[in-house]
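UniProt numbering numbers the first residue of the sequence shown as 371 and each following residue consecutively. Positions of the beta carbon are idealized from the N, C-alpha and C atoms, including for glycine.
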Amino acid sequence: KDDGRNTLRFFVPEMQASLSQRMDMERQLRAALEADEGLELYLQPQYTEESIICGAELLLRWQHNGAFVPPDVFIPVAEDSGLIYRLGDWVIKNACEIGEGLKDELSDREFSLALNVSPRQFRQKGFSEKVLEAIESHQLPRGLIELELTEGLLIEDVDDTVAKMLLLREQGVRFSIDDFGTGYSSLRYLKSLPLDTLKVDQSFVQDVLTDPGDASIVRAIISMAQTLELEVIAEGVETEAVRDFLISANCVRFQGYLYSRPVPLNDFRALLAREREQ
Ligand code: C2E
Ligand code: CA
Ligand code: CA
Ligand code: CA
């Protein structure tokens with residue numbers, strides 16, 4: 371029985387890990403990376419208004435001593451310790467492998483495969499080149515890979531950000547702003563950046579029916595996206611009522627438990643196959 375030594379099992383994202391717990395976690399995560407064991411990318415499908423799969427977000431899973439450690443817990447540890455560079459490389463490589471493996475199944479549709487990029491990873495020198503190399507070595511079609519960046523990252527060091535984005539954009543990489551509405555990017559910045567999509571943060575989406583303030587924010591974000599000619603996707607869509615509200619507010623892309631939780635690659639394949647049979 372290893373309950374006693376597995377302290378990670380009891381973490382929920384809200385909890386702050388103590389320093390020694392964080393050091394343990396860092397060591398174990400490093401070992402997991404070195405052995406390439408226990409890490410996996412899950413896919414959460416994204417849907418059109420007609421409920422056709424039009425993309426997927428890749429979400430990292432770490433299974434450790436038989437339990438999943440939430441990414442909200444281990445990603446910050448990786449960020450603080452610098453392990454995020456290796457972890458980020460792992461994500462890029464594995465994302466491209468998944469993209470390559472799905473190429474044929476996806477050839478009948480517009481599709482984007484979105485990966486989360488942490489600020490420190492994006493700031494790293496040579497980040498763009500690294501991504502382009504991976505895309506090229508897996509011969510991925512233009513427009514397949516989408517990078518999810520956060521608002522905070524976009525507004526700091528704008529010159530470096532734009533330079534990196536343009537280099538990637540030239541080769542067909544797409545960009546979305548994650549958790550949109552929780553930061554404070556101005557219209558001016560949004561307009562000057564090579565962006566494709568705004569992802570409305572789930573904290574607004576989930577309360578649109580009960581919180582008039584959140585409903586106004588979501589409407590405002592969607593109309594702002596239209597003005598800027600950006601796509602908009604709502605994440606955290608859990609009920610049909612919320613989806614109906616979003617449709618009435620002109621949202622055209624949806625992601626959330628109403629449709630599917632993040633699932634392993636084979637389950638995602640099954641979702642695609644089932645769609646094709648219909
Ligand atoms: P995020 O990028 O905002 O990802 C969305 C989170 O919402 C995911 O949590 C997803 O499982 C969850 N979610 C999706 N639909 C629903 C829904 O309908 N209701 C609710 N309540 N939740 C929903 P997850 O997978 O635990 O990831 C948490 C965060 O960890 C992510 O937030 C992201 O910031 C980070 N993360 C995950 N994978 C990676 C990665 O590969 N690299 C980096 N840098 N960060 C990652
Ligand atoms: Ca995300
Ligand atoms: Ca998000
Ligand atoms: Ca609220």
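Beta-carbon proximity list for residue i, same chain, < 7 Å, skipping 5 on both sides
i      : result
Glu453 : Per the sequence shown, residue 453 should be read as Leu rather than Glu. The residues are Glu396, Leu399, Arg400.
Val633 : Tyr412, Leu413
Gly374 : Reliability fails at Gly374, whose pLDDT of 43 lies under 50, so the model's placement of it is uncertain and the value that follows must be treated cautiously. Once the five neighbours on either side are set aside, Gly374 has no close Cβ partner at all.
Presumed contact (8 Å Cβ cut-off) between residue i and residue j, rounded CB distance
i      : j      : result
Lys473 : Pro511 : 7 Å
Glu518 : Lys569 : 7 Å
Asp549 : Asp571 : 4 Å
Ile587 : Gly551 : 6 Å
Glu516 : Ser482 : 4 Å
Ile505 : Cys466 : 6 Å
Glu419 : Ile617 : 6 Å
Gly583 : Leu514 : Not really, about 37 Å apart at Cβ, beyond 8 Å.
Ala604 : Val575 : 5 Å
Range covered by the beta strand (DSSP E) that runs through residue i
i      : result
Ser482 : 482-486
Arg479 : Run containing Arg479: none; DSSP gives neither H nor E here.
Thr609 : No beta strand (DSSP E) contains Thr609, which DSSP labels as neither H nor E.
Val602 : 601-605
Ala619 : Here Ala619 belongs to no beta strand (DSSP E), and DSSP marks it neither H nor E.
Spatial neighbours of residue i in its chain, beta-carbon cut-off 8 Å, leaving aside the 5 residues before and after
i      : result
Thr377 : Only weak support exists for where Thr377 lies, its pLDDT of 46 falling under 50; the value from the coordinates is given anyway. Here the set comprises Gln391, Asp394.
Val461 : Leu411, Leu428, Leu430, Leu485, Asn486
Phe438 : Arg431, Trp432
Cys424 : Gln416, Tyr417, Thr418, Arg479, Glu480, Phe481, Ser482, Arg623
Length of the line joining the Cα atoms of residue i and residue j
i           : j      : result
Tyr455      : Asp529 : 21 Å
Phe497      : Lys534 : 8 Å
Gly606      : Leu389 : 32 Å
Leu523      : Arg646 : 38 Å
Leu429      : Glu610 : 24 Å
Glu499      : Arg631 : 32 Å
Val602      : Gly471 : 27 Å
Arg544      : Leu536 : 10 Å
Arg613      : Ile547 : 20 Å
Ala640      : Leu409 : 21 Å
residue 369 : Pro441 : This structure does not reach residue 369, given that the chain is present from 371 up to 648, and the question cannot be answered.
Arg539      : Tyr417 : 24 Å
Phe444      : Ala405 : 17 Å
Asp527      : Arg493 : 9 Å
Ala590      : Asn435 : 45 Å
Own chain, CB closer than 6 Å to residue i, minus 5 neighbours either side, in chain order
i      : result
Lys371 : With a pLDDT of 39 at Lys371, under the threshold of 50, the modelled position of this residue cannot be trusted; read the value that follows with caution. Nothing listed; no residue qualifies.
Terminal residues of the alpha helix (DSSP H) in which residue i lies
i      : result
Gly425 : Gly425 -> not in any alpha helix (DSSP H); beta strand (DSSP E) instead, spanning 423-434.
Tyr629 : Where Tyr629 is concerned, there is no enclosing alpha helix (DSSP H), given that its DSSP letter is neither H nor E.
Leu510 : Unbroken run through Leu510: none, as it is neither H nor E.
Thr567 : Premise fails: Thr567 lies in the beta strand (DSSP E), 567-570, not in any alpha helix (DSSP H).
Name all residues in chain order for which at least one heavy atom of ligand 2 lies closer than 5 Å to the residue's CB.
-> Working through the chain, the matches are Asn486, Glu518, Asp548.
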